[in-house]
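Trainee:
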Amino acid sequence: MRALIFDNGLSLDAKRPEPRREEGDCLIKVRQAGICATDLEITRGYMGFKGILGHEFVGEVVESPGARQWIGKRVVGEINVVCGRCDLCLSGLSNHCRNRTVLGISKRDGAFADFVRLPAINLHEVPPAVEDEAAVFVEPLAAAFQVLKQVKLDGKKWVTVLGDGRLGLLCAQVLRNAGCPVRVIGRHPEKMRLCDQWGIRSRAAADITPRHDQEVVVDCTGSASGLEMAMQLVRPRGTIVLKSTVADGKALNLAPIVIDEINVVGSRCGPFREAIKALTEKSVDVTSMIHRRMKLDQGLEAMELAAKPGVLKVILTMD
Ligand SMILES: [Zn+2]
Ligand SMILES: [Zn+2]
835 MRALIFDNGL SLDAKRPEPR REEGDCLIKV RQAGICATDL EITRGYMGFK GILGHEFVGE
895 VVESPGARQW IGKRVVGEIN VVCGRCDLCL SGLSNHCRNR TVLGISKRDG AFADFVRLPA
955 INLHEVPPAV EDEAAVFVEP LAAAFQVLKQ VKLDGKKWVT VLGDGRLGLL CAQVLRNAGC
1015 PVRVIGRHPE KMRLCDQWGI RSRAAADITP RHDQEVVVDC TGSASGLEMA MQLVRPRGTI
1075 VLKSTVADGK ALNLAPIVID EINVVGSRCG PFREAIKALT EKSVDVTSMI HRRMKLDQGL
1135 EAMELAAKPG VLKVILTMD
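Numbering (the numbering used here), first residue to last: 835 to 1153.
Shown next, in the form of structure tokens:
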């Protein structure tokens, strides 16, 4: 099969063997997959991952040894494959399983390929109302919903999403739908126009004078300087939600966290069910966030394009 592989460099392998059969795993024929910041970070050495990239996908189950009812179903998949036996799994924190592998991120081949394997327990059926290119957004949208699980936002008036990239725009829409008067701080006029279209306030980072007055700041910049700005925006005793992994290694002065008694909440994967519901109801607009659709065979160019500043979602199609 074809697969986009990272092994110190990025390459497209046309003759990669199909994924190994492991007990209980379903074989899924991938239809579309989305490129995300994590994929780009991996190509810069994040997680030390080697193998097939890609964790945001939609596909059709073609083989399902343990659970035949899945065959033919159009599915998306949760990316953490867990043991179900360790102390963290048993205490309800299976996303943090000590023995986990993570699709296209840690010790498990991903979905930028013709086929991918996942256990049936990870799969969610996609309702007919959700098209393939929207279903590709389930995983990152679920991550945006995780913010609502971790921070109580009722009645909070001063909520800022920092960063107008793919994840920032999803978080902003989810927060708006939750009744928050959210504001986005970004750098790209075309993305601010998208916010206007959605009725979400936005400001250019260059026009902001941080005043330590925000109750919650959701940092989706993926950069150390973003976290620095979040520390200047948040009010004393306020909360910073860190949505993106910062791997640029810049030294940070963390004293403001102590001085202003800031709560810092790390936030990763979230509830698929809520993301699928939002896409079914079309309460979150993802199609406006698609920058370009490209064939898997153009995978190298697609990764290059997705890394350019200002580019939103690049989708790989496998047909
Ligand atoms: Zn992702
Ligand atoms: Zn476990």
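Built from N, CA and C at the ideal position, the CB exists for glycine as well.
Can you name the residues that DSSP bridges to residue 1222?
Mentor: With the chain represented from 835 up to 1153, any question about residue 1222 goes unanswered, as that position is not in the structure.
Trainee: Please return the same chain residues whose Cβ sits closer than 6 angstroms to the Cβ of residue 891, not counting the five positions on each side in sequence.
Mentor: Counting only Cβ-Cβ distances below 6 angstroms, and skipping sequence neighbours, we find 864, 867, 945.
Trainee: Within 10 angstroms of its Cβ, does residue 1117 collect 16 or more other Cβ (buried), or is it exposed?
Mentor: Residue 1117 is exposed by the Cβ-count criterion.
Trainee: In whole angstroms, give me the CA-to-CA distance for residue 1112 and residue 953.
Mentor: Approximately 24 angstroms between the Cα atoms of the pair.
Trainee: For the region 863-947, list the beta strand (DSSP E) runs that are entirely contained and at least 3 residues long, ordered along the chain.
Mentor: With a minimum length of 3 residues, the continuous beta strand (DSSP E) runs that stay inside the region 863-947 are 890-897, 908-911, 935-937.
Trainee: Is it true that the region 882-890 meets the region 835-844, where meeting means three or more beta-carbon pairs spaced less than 8 angstroms apart?
Mentor: Touching, yes, given that three or more Cβ pairs across the two stretches are closer than 8 angstroms.
Trainee: Report the rounded CA-to-CA distance for residue 904 versus residue 910, giving the unit in angstroms.
Mentor: Rounded to whole angstroms, residue 904 to residue 910 spans 12 angstroms at the Cα level.
Trainee: In three-state DSSP terms, what is residue 1128?
Mentor: Strand at residue 1128.
Trainee: Taking the beta strand (DSSP E) that residue 1074 falls in, what are its first and last residues?
Mentor: That run of the beta strand (DSSP E) goes 1068-1076.
Trainee: If I'm right that residue 844 touches residue 877 with Cβ under 8 angstroms, what's the distance once you round it to whole angstroms?
Mentor: Confirmed, about 6 angstroms.
Trainee: Let's test the definition: count the other Cβ atoms within 10 Å of the Cβ of residue 1076 and tell me whether it reaches 16, buried, or not, exposed.
Mentor: So residue 1076 counts as buried.
Trainee: According to DSSP, which residues form a beta bridge with residue 787?
Mentor: The chain is shown only over 835 to 1153; residue 787 falls outside these bounds and no answer can be derived.
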